[in-house]
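Enquirer: Protein chains in written order, with this note's numbering: chain F, 4 to 296; chain Z, 941 to 1202.
A virtual CB, placed ideally from N, CA and C, is assigned to each residue, including glycine.
Shown below is the structure under consideration.
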Amino acid sequence: MIARSILPVLTVLGIILAFWYVGTVGMNWRVEAERFERMGLEKTTTEMLAATMAMDRPILPAPHQVWAEIQSSVFERSPTSRRSLVFHAWVTLSSTLVGFLMGTLLGILLAVGIVHSKVLDKSLLPWIIASQTIPILAIAPMIIIVFSTLGVTGLIPKAFISIYLAFFPVAIGMVKGLRSPEAMHLDLMHTYNASESQTFWKLRLPSSLPYLFASMKIAVAISLVGAIVGELPTGATAGLGARLLSGSYYGQTTQIWSALFMAAFMSALLVYAIGWLGGFVNKRMGARDEARA
Amino acid sequence: MTSPPVISANSLDLTFQTNDGPVHALSAVDLDIHKGEFVSFIGPSGCGKTTFLRVIADLETPTGGTVTVGGTTPHQARLNRAYGYVFQQPALYPWRTIEANVTLPLEIMGFARAEQRERAEKALELVDLAGFGKKFPWQLSGGMQQRASIARALAFDADILLMDEPFGALDEIVRDHLNEQLLQLWARTTKTICFVTHSIPEAVYLSTKIVVMSPRPGRVTDVIESTLPKERPLDIRESPEFLGIAHRVREGLRAGHAYEEV
């Protein structure tokens, strides 16, 4: 299975890298050409090509430059150093996880309320949807400022932004999931004269789990976005957001790109972890091997 | 019969209000069912046979007339757990093993853990599924799944078994086999069984009483007391007596215009 899928994956990766190199050469060419002209130097095409891929502050760094930057900032520095990408990644990851877990919990609680109460169904859902129409970029600085006037900085305000983003897909998914049992399954509970809470624990909750894990995959990815966005507005000194910001201040495009790759890598890892957890739970619940959430 | 009926309906009416106007699902239904009877309800779709079963089970509320189950209202009967209900589909919970599906009603009703296991084992034995308790529903065939759902309805020992076309989705060979087993089970447990079907041979083979119904409005057109002996091998279905009853059912359906506009 793995051997068969590795060739297509590598092919796609190769195509992406090829486009990237073409882009690097194309975007950096003029800057380098002008620089050499000012210095009065004549360069051959081969030399020009090499130069576009070895700039200090390129417009678009070449893949191997980004890789070198990631390598040096991940493996060659102590993880506690401020110059280590691992340090910054952990700062972002910790608030992502706190925000994701709290957001998931909030989403589940809201969904339980909405499914069991007509009043909450009618009153809460519009607000929940409205909350997501506000651009997070607009509300994030306000959250950070409000918290900092209360004397709270660091992880909590960032996690709050993640909660704000993460609860939404979980709430929507869980409302759908908790309402997913078939009429026949609900009738069955009715014939046993089961209480609301028995119906919830023995029927609604188990039926909703596939929906929960699907929603959690979305929630964890946007929690990470929320944490990064939360690091931008105040010029935070730590976290992937801070790396992006300082990279753009000082024209360190390589640093920006390596931070982006770190974020993408973490996001993929988190989504896979949720997927694995979902598959594991599904299997414990007796699902067929091939029918994974 | 001298004892009071287990289920008794008096001029029962049920009208659903739909967007296309009222639908008379049941109209002036009078029926008495006594303890230990095996009653089949037969008729085309829309004749109210399933609705009648759902009224007995307190899943629908009649709009007129009275109905008593075990001497009380259907609601009270449901609270007393007087009946087990078997649906058209097995309706097993896919995340529970067969045994855990059978113990589901017992958990809800608060039986002790040891008794849950004991009763589940007994119920699974009754439907010939001993040894399949640890399997998940998808690992069983359709017929076995429906048997498991019957075991689930039997587990808490209700006196009445309500079955809504339980074998409708199964092929004829499996169906024959399950019919035979159901008769044996009924003989062993002396339960009162209400059985909805739209198969004439199935109704005649199983029942001590056949209620023929017809649609628009849903009503009873004939009630046939079966003269077949209690002991019924499968080949009784070729006997003249069997064919005679089947003929009368068909006549009842025709009288109720069941064969028109099909």
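1. Kindly identify the DSSP beta-bridge partner or partners of GLU1165 of chain Z.
2. Counting beta carbon pairs with one atom in the segment 954-969 of chain Z and one in the segment 1146-1158 of chain Z, are three or more of them shorter than 8 Å?
3. Going by C-alpha to C-alpha distance, which of Z:LEU1094, Z:VAL969, Z:ALA1060 sits closest to ASP953 of chain Z?
4. Considering Cα atoms alone, identify which of Z:MET1153, Z:ASP1099, Z:LEU993 is closest to PHE1027 of chain Z.
5. Within 8 Å of any Cβ in chain Z, is that where the Cβ of ALA296 of chain F sits?
6. Helix, strand or coil for MET288 of chain F per DSSP?
7. Count the other CB atoms within 10 Å of the CB of THR1130 of chain Z; is the residue buried (16 or more) or exposed (fewer)?
8. Checking contacts by CB at 8 Å: is LEU1069 of chain Z closer than that to chain F?
9. What span of residues does the alpha helix (DSSP H) with PRO1014 of chain Z cover, start to end?
10. Check the DSSP bridge columns for PHE940 of chain Z and list the partner residues they point to.
11. Sort out for me which residues DSSP pairs PHE956 of chain Z with in a bridge.
12. Assuming contact is defined by CB atoms lying nearer than 8 Å, are ALA266 of chain F and LEU227 of chain F in contact in what I supplied?
13. Do you know offhand how far VAL77 of chain F's Cα is from GLY282 of chain F's?
14. Look at the alpha carbon of VAL223 of chain F and the alpha carbon of ASN1119 of chain Z, and state the distance between them as a whole number of angstroms.
15. Taking 6 Å as the limit between beta carbons, can you name the residues of its chain near SER98 of chain F, skipping five residues before and five after?
16. First and last residue of the beta strand (DSSP E) that includes MET1103 of chain Z?
17. Pull out every residue of the segment 78-93 of chain F whose Cβ sits closer than 8 Å to any Cβ of chain Z, in chain order.
18. In whole angstroms, give me the CA-to-CA distance for GLY176 of chain F and ILE139 of chain F.
19. PRO984 of chain Z and HIS1138 of chain Z: beta carbons closer than 8 Å?
20. Check whether chain F comes within 8 Å of ARG1018 of chain Z, counting only Cβ atoms and requiring the distance to be less than that.
21. Given this structure, state the Cα-to-Cα distance separating LYS1062 of chain Z from ALA1095 of chain Z, to the nearest angstrom.
22. With 8 Å as the threshold, decide whether the Cβ of GLN1085 of chain Z is near any Cβ in chain F.
23. May I ask you to list the residues that DSSP assigns as paired with ASP907 of chain Z?
24. Taking 8 Å as the cut-off, does the segment 241-261 of chain F touch the segment 53-63 of chain F (at least 3 CB pairs, one atom from each stretch)?
25. Whole angstroms are fine: how far does the CA of HIS1015 of chain Z sit from the CA of PRO1106 of chain Z?
26. Return the residue from the list F:PRO66, F:ILE147, F:LEU13 that minimises the CA-CA distance to TRP23 of chain F.
27. Give a yes or no on contact between the segment 1039-1054 of chain Z and the segment 998-1011 of chain Z, applying the rule of three or more CB pairs nearer than 8 Å.
28. Which partner residues does THR1006 of chain Z have in the DSSP bridge list?
29. Quick one, are the C-beta atoms of ILE1150 of chain Z and VAL1189 of chain Z less than 8 Å apart?
30. Any chance you could list the alpha helix (DSSP H) runs of at least 4 consecutive residues sitting entirely within the segment 189-275 of chain F, in chain order?
31. According to DSSP, what are the bridge partners of TYR1025 of chain Z?
32. Could you give the residue range of the alpha helix (DSSP H) that holds GLN135 of chain F?
33. Using a Cβ distance threshold of 8 Å, determine whether the segment 182-192 of chain F contacts the segment 127-137 of chain F, with at least three qualifying pairs required.
34. Just checking: is the beta-carbon of PHE1076 of chain Z within a distance shorter than 8 Å of some beta-carbon in chain F?
35. Short of 6 Å in beta carbon distance, which residues of its chain neighbour ILE1140 of chain Z, apart from the five on each side in sequence? Order them along the chain.
36. Applying a beta-carbon distance threshold of less than 8 Å, which residues of chain F neighbour ARG1021 of chain Z?
Expert: Answer, in terms of the structure:
1. The count along the second sequence starts at 1 and reaches residue 1165 of chain Z at position 225. Paired residues: Z:LYS1149.
2. With the cut-off at 8 Å, the segment 1146-1158 of chain Z and the segment 954-969 of chain Z touch.
3. Residue numbering aside, residue 953 of chain Z sits at position 13 when the second sequence is read from its first letter. For the residues Z:LEU1094, Z:VAL969, Z:ALA1060, the minimum Cα distance to ASP953 of chain Z belongs to Z:VAL969.
4. In the second sequence, residue 1027 of chain Z corresponds to position 87, counting from 1. The candidate whose alpha carbon is nearest that of PHE1027 of chain Z is Z:LEU993.
5. In the first sequence, the residue the question calls residue 296 of chain F occupies position 293. Confidence at ALA296 of chain F is low in this model, with a pLDDT of 39, below 50, so its placement is unreliable and no value can be given for it.
6. Reading the first sequence from its first residue, position 285 is the one you call residue 288 of chain F. Three-state result, MET288 of chain F: coil.
7. Counted from its first residue, the second sequence places residue 1130 of chain Z at position 190. The residue in question, THR1130 of chain Z, is exposed, as its Cβ has fewer than 16 Cβ neighbours within 10 Å.
8. One-based indexing of the second sequence puts residue 1069 of chain Z at position 129. No, LEU1069 of chain Z does not count as interfacial toward chain F.
9. As a first step, residue 1014 of chain Z must be located in the second sequence, where it is residue number 74. Run containing PRO1014 of chain Z: 1014-1019, per the alpha helix (DSSP H) assignment.
10. Lying outside 941 to 1202, the shown extent of chain Z, residue 940 of chain Z is not represented and no answer is given.
11. Here residue 956 of chain Z refers to the residue found at position 16 when the second sequence is read from its first residue. For PHE956 of chain Z, which the question treats as bridged, DSSP gives the partners Z:VAL963.
12. Taking the first residue of the first sequence as position 1, residue 266 of chain F is located at position 263. Taking the first residue of the first sequence as position 1, residue 227 of chain F is located at position 224. Yes.
13. Here residue 77 of chain F refers to the residue found at position 74 of the first sequence. Here residue 282 of chain F refers to the residue found at position 279 of the first sequence. Their Cα atoms are separated by approximately 31 Å.
14. As a working note, residue 223 of chain F is residue 220 in the first sequence. As a working note, residue 1119 of chain Z is residue 179 in the second sequence. For VAL223 of chain F and ASN1119 of chain Z, the distance between alpha carbons rounds to 53 Å.
15. The sequence position of residue 98 of chain F within the first sequence is 95, counting from 1. Counting only Cβ-Cβ distances below 6 Å, and skipping sequence neighbours, we find LEU158, LYS161, ALA162, ALA230.
16. If you number the second sequence from 1, residue 1103 of chain Z lands on position 163. Going by DSSP, MET1103 of chain Z is part of the beta strand (DSSP E) stretching over 1100-1104.
17. none
18. Counting from one through the first sequence, the residue named residue 176 of chain F turns up at place 173. Counting from one through the first sequence, the residue named residue 139 of chain F turns up at place 136. C-alpha separation (whole angstroms): 21 Å.
19. Locating residue 984 of chain Z in the second sequence gives position 44, where the first residue counts as 1. Locating residue 1138 of chain Z in the second sequence gives position 198, where the first residue counts as 1. Contact: yes.
20. In the second sequence, the residue the question calls residue 1018 of chain Z occupies position 78. So yes, ARG1018 of chain Z belongs to the interface.
21. Working through the second sequence from its first residue, we reach residue 1062 of chain Z at position 122. Working through the second sequence from its first residue, we reach residue 1095 of chain Z at position 155. Computed Cα separation, rounded: 8 Å.
22. Within the second sequence, numbered from 1, the residue matching residue 1085 of chain Z stands at position 145. GLN1085 of chain Z does not count as touching chain F.
23. Residue 907 of chain Z falls outside the range modelled here, since chain Z spans only 941 to 1202, and no answer is possible.
24. yes
25. Here residue 1106 of chain Z is taken as the residue at index 166 of the second sequence, counted from 1. Here residue 1015 of chain Z is taken as the residue at index 75 of the second sequence, counted from 1. When rounded, the distance between both Cα atoms is 23 Å.
26. The count along the first sequence starts at 1 and reaches residue 23 of chain F at position 20. Ranking F:PRO66, F:ILE147, F:LEU13 by CA distance to the CA of TRP23 of chain F puts F:PRO66 first.
27. no
28. Here the question's residue 1006 of chain Z lines up with position 66 in the second sequence. Beta-bridge pairing links THR1006 of chain Z to Z:ASN950.
29. Residue 1150 of chain Z sits at position 210 when you count from the first residue of the second sequence. Residue 1189 of chain Z sits at position 249 when you count from the first residue of the second sequence. Their beta carbons are under 8 Å apart, which means ILE1150 of chain Z touches VAL1189 of chain Z by this criterion.
30. 199-202, 208-234, 243-252
31. The residue you call residue 1025 of chain Z lines up with position 85 of the second sequence. Its beta-bridge partners are Z:LEU1102.
32. Position 132 of the first sequence, counted from the start, is the residue given in the question as residue 135 of chain F. Taken as a continuous stretch (DSSP letters only), GLN135 of chain F belongs to no alpha helix (DSSP H), as it is neither H nor E.
33. no
34. Indexing the second sequence from 1 puts residue 1076 of chain Z at position 136. PHE1076 of chain Z counts as touching chain F.
35. Locating residue 1140 of chain Z in the second sequence gives position 200, where the first residue counts as 1. Here the set comprises ALA1186, VAL1189.
36. The residue labelled residue 1021 of chain Z in the question sits at position 81 within the second sequence. What ARG1021 of chain Z touches in chain F: TYR195, ASN196.
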